[in-house]
Amino acid sequence: MITVVGGGLVGLATALRLADRGHGVTLQDPAPASGATHHAGGMLAPVAEVVYRQEALFPLMLRSAELYPGLLEVVGRHTDLPTGHRTEGTLVVAADRADATHLAELTDYQAQHSMTAERLPLRQARSLEPALSPQLAGAVHIPGDHQVNPRMFAVALLDALGNLGVRVVRERAEELPAGQVILANGLGAAALHPGLQLRPVYGDILRLGVPEHLQPLLTRVVRGFVEDRPVYLIPRTDGTLAIGATSREDDRPIPRTGAVHDLLRDATRLVPGIEECDFLEATTGARPGTPDDLPYLGRVNEHLIVSTGYFRHGILLTALAADVAVHLVEGTDPGIDLAACDPHRHTAHQE
Ligand SMILES: Cc1cc2nc3c(=O)[nH]c(=O)nc-3n(C[C@H](O)[C@H](O)[C@H](O)COP(=O)(O)OP(=O)(O)OC[C@H]3O[C@@H](n4cnc5c(N)ncnc54)[C@H](O)[C@@H]3O)c2cc1C
Numbered sequence: 005m006i007t008v009v010g011g012g013l014v015g016l017a018t019a020l021r022l023a024d025r026g027h028g029v030t031l032q033d034p035a036p037a038s039g040a041t042h043h044a045g046g047m048l049a050p051v052a053e054v055v056y057r058q059e060a061l062f063p064l065m066l067r068s069a070e071l072y073p074g075l076l077e078v079v080g081r082h083t084d085l086p087t088g089h090r091t092e093g094t095l096v097v098a099a100d101r102a103d104a105t106h107l108a109e110l111t112d113y114q115a116q117h118s119m120t121a122e123r124l125p126l127r128q129a130r131s132l133e134p135a136l137s138p139q140l141a142g143a144v145h146i147p148g149d150h151q152v153n154p155r156m157f158a159v160a161l162l163d164a165l166g167n168l169g170v171r172v173v174r175e176r177a178e179e180l181p182a183g184q185v186i187l188a189n190g191l192g193a194a195a196l197h198p199g200l201q202l203r204p205v206y207g208d209i210l211r212l213g214v215p216e217h218l219q220p221l222l223t224r225v226v227r228g229f230v231e232d233r234p235v236y237l238i239p240r241t242d243g244t245l246a247i248g249a250t251s252r253e254d255d256r257p258i259p260r261t262g263a264v265h266d267l268l269r270d271a272t273r274l275v276p277g278i279e280e281c282d283f284l285e286a287t288t289g290a291r292p293g294t295p296d297d298l299p300y301l302g303r304v305n306e307h308l309i310v311s312t313g314y315f316r317h318g319i320l321l322t323a324l325a326a327d328v329a330v331h332l333v334e335g336t337d338p339g340i341d342l343a344a345c346d347p348h349r350h351t352a353h354q355e
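Those letters in the sequence shown? Residues 5 to 355, per our numbering, in order.
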């Protein structure tokens with residue numbers, strides 16, 4: 005029996021892949037999908053989310069994007085519930101000329117790393133998304149960056165686990181369970197395995213309802229730079245729109261008034277129709293960050309596999325996390341170099 009501790013998207017997908025392969029699995033979480041997963045945007049964006057000088061992340065993100073269709077196929081074999089997966093691609097736009105310069109530099113950097121991002125004339129961007137402001141200064145299309153709806157996906161995964169007979173124990177793990185364990189409880193992992201250094205990086209995110217007469221306001225993810233501030237708008241299959249996200253390490257887990265204001269102002273600059281939408285929700289989630297912003301993913305000893313620290317990319321990296329866990333359990337080659345993800349790498353520095 006394998007116990008997966010943590011039922012965020014990472015733990016849920018890991019439990020599913022293992023159960024699908026015939027392993028006996030128990031999932032333990034007092035409130036599945038209540039962590040970062042509940043708040044996430046859900047972009048599967050290995051190209052648009054490229055982070056300068058984080059080269060060790062790129063192969064992980066690209067590999068996970070490749071693995072996503074396979075994960076969704078397994079999910080689809082065990083549940084009929086939707087995941088909110090959309091493949092229309094992503095537009096990245098610039099609000100003013102300085103933002104356009106920034107966007108051009110980013111596009112060059114992506115090209116240097118063999119990533120596909122196509123510059124688009126604004127006229128063409130607006131024919132793809134007529135709700136875009138006519139005042140923009142630049143646009144790029146990234147066909148390979150997709151999205152899921154994390155809340156919907158988590159419900160589908162829980163249903164699939166139920167159909168596979170996986171036992172879900174709705175209790176907090178106060179210590180490591182006996183037997184084979186996969187520690188996938190996000191920020192909570194440090195309490196169960198000392199040596200992991202995890203910090204909450206808060207993100208505010210908004211949810212709007214698009215009124216009937218404006219549907220669909222957008223058909224693909226629109227990301228943008230507005231006076232150097234990043235913002236994104238994610239149209240969901242349920243007709244809502246997510247707008248995110250801030251990034252702050254101030255230990256204040258409640259939406260900040262200034263953050264809500266900034267997100268709405270910047271999103272409206274890119275898509276003026278936002279002003280007509282219904283305001284449904286503002287929430288704040290805590291991304292599980294590590295000192296070098298790379299995950300902790302690997303086998304620690306014969307009983308324990310660690311899978312956490314997915315920071316800004318945990319929805320995208322879910323497919324990789326689940327696939328690697330299966331290989332680690334079965335003792336086969338995951339087919340990717342995981343040296344940068346060694347769960348012990350910060351323990352050594354402490355000693
Ligand atoms: C605003 C925002 C936007 C984001 N947007 C994106 C995005 O667009 N794309 C992307 O790829 N990523 C995004 N992220 C990052 C992503 O949300 C996280 O990296 C991802 O959700 C991490 O998933 P997880 O399963 O590891 O952790 P979590 O979702 O945090 O789940 C951890 C689970 O562990 C459980 N738990 C904790 N302690 C215990 C314990 N002791 N015993 C049992 N269970 C326990 C909790 O109840 C929780 O359900 C975003 C994050 C935020 C905050």
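We put the CB at the ideal spot given by N, CA and C, even for glycine.
Just so we're clear, the structure is a prediction, and the values are computed from it rather than from any experiment.
Review point. In chain order, what residues of the same chain lie with their CB nearer than 7 angstroms to the CB of leucine 284, ignoring the 5 residues before and after it?
Key: Here residue 284 corresponds to residue number 280 of the sequence shown, with the count starting at 1. Contacts found: Arg211, Leu212, Gly213 and Thr244.
Point to revise | Euclidean distance between Cα positions of glycine 11 and histidine 150 | key: As a first step, residue 11 is located in the sequence shown; it is residue number 7 there, counting from the start. As a first step, residue 150 is located in the sequence shown; it is residue number 146 there, counting from the start. Cα to Cα, glycine 11 sits roughly 23 angstroms from histidine 150.
Review point. For threonine 120, does the three-state DSSP call read helix, strand or coil?
Key: As a first step, residue 120 is located in the sequence shown; it is residue number 116 there, counting from the start. Three-state DSSP puts threonine 120 in coil, outside helix and strand.
**Study point:** Where glutamine 354 falls: helix, strand or coil (DSSP)
**Key:** Taking the first residue of the sequence shown as position 1, residue 354 is located at position 350. Interpretation of glutamine 354 is limited by its pLDDT of 47, a score under 50 that renders its predicted location unreliable; the figure taken from the coordinates is listed afterwards. In this structure, glutamine 354 counts as helix in the three-state DSSP scheme.
Check your understanding: Grouping DSSP H, G and I as helix and E and B as strand, with all else coil, what is valine 54?
Key -> In the sequence shown, residue 54 corresponds to position 50, counting from 1. Coil, per DSSP.
**Study point:** Cβ shell of threonine 41 (< 7 angstroms), same chain only, five flanking positions each side left out
**Key:** Numbered from its first residue, the sequence shown carries residue 41 at position 37. Same-chain partners within the cutoff: Gly12, Leu13, Pro154 and Ala158.
**Study point:** Length of the line joining the Cα atoms of threonine 241 and leucine 222
**Key:** Sequence index remark: in the sequence shown, residue 241 carries index 237 (1-based). Sequence index remark: in the sequence shown, residue 222 carries index 218 (1-based). For the pair threonine 241 and leucine 222, the Cα-to-Cα distance works out to about 11 angstroms.
Practice item. Evaluate contact between the segment 161-177 and the segment 31-50, counting only Cβ atoms and requiring at least three cross-stretch pairs below 8 angstroms. Key: yes
Check your understanding: With respect to the beta strand (DSSP E) encompassing phenylalanine 229, which residues constitute its N-terminal and C-terminal limits?
Key -> The residue given as residue 229 occupies position 225 in the sequence shown. Element bounds for phenylalanine 229: 225-230.
Exercise for review: State the start and end residues of the unbroken beta strand (DSSP E) segment that holds glycine 213.
Suggested key: Position 209 of the sequence shown, counting from 1, holds the residue named residue 213. In the DSSP annotation of this structure, the continuous segment of the beta strand (DSSP E) that includes glycine 213 starts and ends at 203-213.
Point to revise | Member of Gly248, Pro204, His217 and Leu237 whose CA lies at the smallest distance from the CA of arginine 256 | key: Position 252 of the sequence shown holds residue 256. Here the closest residue by C-alpha is Pro204.
Check your understanding: Do you know whose CA, among Glu92, Thr30 and Glu178, lies nearest leucine 48's CA?
Key -> Translated into the one-based positions of the sequence shown, residue 48 becomes position 44. Of Glu92, Thr30 and Glu178, the residue nearest in Cα terms is Glu92.
Check your understanding: Just curious, the alpha helix (DSSP H) that leucine 126 is in, first and last residue?
Key -> Within the sequence shown, residue 126 is the residue found at index 122, counting from 1. Looking at the DSSP string, the run of the alpha helix (DSSP H) that includes leucine 126 is 126-132.
Practice item. Would you list the one or two residues that DSSP bridges to serine 311? Key: Your numbering for residue 311 matches position 307 in the sequence shown. BP columns for serine 311 point to Leu301.
Check your understanding: Whose C-beta lies closer than 8 angstroms to the C-beta of glycine 248 among residues of the same chain, with five residues either side of it excluded?
Key -> To locate residue 248, count along the sequence shown from 1; it is residue 244. Correct list, in chain order: Gly45, Gly207, Asp208, Ile209, Leu210, Val235, Tyr236, Ile238 and Leu267.
Practice item. Go to valine 97, then tell me how far its beta strand (DSSP E) extends in each direction, as first and last residue. Key: Within the sequence shown, numbered from 1, the residue matching residue 97 stands at position 93. Taken as a continuous stretch (DSSP letters only), the beta strand (DSSP E) holding valine 97 covers 94-98.
Check your understanding: Quick one, which of Met156, Tyr113, Gly142 and Val226 has its alpha-carbon nearest glutamate 133's?
Key -> Counted from its first residue, the sequence shown places residue 133 at position 129. Nearest option by C-alpha distance: Val226.
Review point. What residues in its chain sit with their C-beta under 7 angstroms from that of alanine 161, if we drop five residues either side in the sequence?
Key: On the sequence shown, position 157 is the one that residue 161 refers to. The displayed chain sequence assigns leucine, not alanine, to residue 161. Closer than 7 angstroms at the Cβ level, and outside the excluded window around leucine 161, lie Leu16, Ala17, Leu20 and Val79.
Review point. Where do the N-terminal and C-terminal ends of the beta strand (DSSP E) with aspartate 282 fall, by residue?
Key: Here residue 282 refers to the residue found at position 278 of the sequence shown. Aspartate 282 -> beta strand (DSSP E) spans 282-293.
Review point. With valine 9 and leucine 196 assumed to form a contact (beta carbons below 8 angstroms), what rounded beta-carbon distance in angstroms separates them?
Key: On the sequence shown, position 5 is the one that residue 9 refers to. On the sequence shown, position 192 is the one that residue 196 refers to. Right, their Cβ atoms sit about 7 angstroms apart.
Practice item. Whole angstroms is fine: what's the gap from methionine 65's alpha carbon to proline 276's? Key: To locate residue 65, count along the sequence shown from 1; it is residue 61. To locate residue 276, count along the sequence shown from 1; it is residue 272. One C-alpha to the other measures close to 32 angstroms.
Check your understanding: Which residue's Cα is closest to the Cα of valine 97: Ile278, Asp282 and Asp270?
Key -> For this step, residue 97 is matched to residue 93 along the sequence shown. If we check each option's Cα against that of valine 97, Asp270 comes out closest.
**Study point:** Through-space distance from glycine 74 to alanine 188, alpha-carbon basis
**Key:** Locating residue 188 in the sequence shown gives position 184, where the first residue counts as 1. Locating residue 74 in the sequence shown gives position 70, where the first residue counts as 1. C-alpha separation (whole angstroms): 21 angstroms.
**Study point:** Same chain, Cβ closer than 6 angstroms to alanine 23, neighbours up to 5 away in sequence not counted
**Key:** By one-based count along the sequence shown, residue 23 stands at place 19. Cβ within range, chain order: Val29, Leu168 and Val170.
Practice item. Run the proximity test for arginine 349: is its beta-carbon closer than 7 angstroms to any non-hydrogen atom belonging to ligand 1? Key: Numbered from 1 along the sequence shown, position 345 holds the residue referred to as residue 349. Arginine 349 Cβ: outside cutoff for every heavy atom of ligand 1.
Check your understanding: Using DSSP with H/G/I as helix, E/B as strand and the rest coil, what is alanine 177?
Key -> Locating residue 177 in the sequence shown gives position 173, where the first residue counts as 1. The answer is coil: DSSP assigns alanine 177 none of H, G, I, E or B.
**Study point:** Exposure of histidine 82, with buried meaning 16 or more beta-carbon neighbours within 10 Å
**Key:** Here the question's residue 82 lines up with position 78 in the sequence shown. Under this definition histidine 82 is a buried residue.
Check your understanding: Heavy atom of ligand 1 less than 7 angstroms from the Cβ of tyrosine 314, yes or no?
Key -> As a first step, residue 314 is located in the sequence shown; it is residue number 310 there, counting from the start. For ligand 1, at least one heavy atom lies less than 7 angstroms from the Cβ of tyrosine 314.
**Study point:** Alpha carbon of alanine 177 to alpha carbon of arginine 291, nearest angstrom
**Key:** Here residue 177 refers to the residue found at position 173 of the sequence shown. Here residue 291 refers to the residue found at position 287 of the sequence shown. In a straight line, the C-alpha of alanine 177 is about 20 angstroms away from that of arginine 291.
Check your understanding: Quick one: what's isoleucine 6 bridged to in DSSP?
Key -> The sequence position of residue 6 within the sequence shown is 2, counting from 1. Answer is Val29 and Gln184.
Check your understanding: Roughly how many angstroms separate the alpha carbons of leucine 308 and isoleucine 186, rounded to a whole number?
Key -> Taking the sequence shown and counting its residues from 1, the one referred to as residue 308 is at position 304. Taking the sequence shown and counting its residues from 1, the one referred to as residue 186 is at position 182. The C-alpha of isoleucine 186 is placed about 6 angstroms away from the C-alpha of leucine 308.
Review point. Counting along the chain, where does the alpha helix (DSSP H) carrying glycine 80 start and finish?
Key: Residue mapping note: residue 80 aligns to position 76 of the sequence shown, counting from 1. Segment 62-82, the alpha helix (DSSP H) holding glycine 80.
Point to revise | Sequence-distant residues of the same chain with beta carbon closer than 6 angstroms to arginine 303, five excluded per side | key: Start at 1 with the first residue of the sequence shown, and residue 303 comes out as number 299. Ile309 and Leu332, listed in sequence order.
**Study point:** Rounded straight-line distance, which links the Cα of threonine 87 to that of alanine 246
**Key:** Counting from 1 along the sequence shown, the entry for residue 246 is found at position 242. Counting from 1 along the sequence shown, the entry for residue 87 is found at position 83. Cα-Cα distance, rounded: 16 angstroms.
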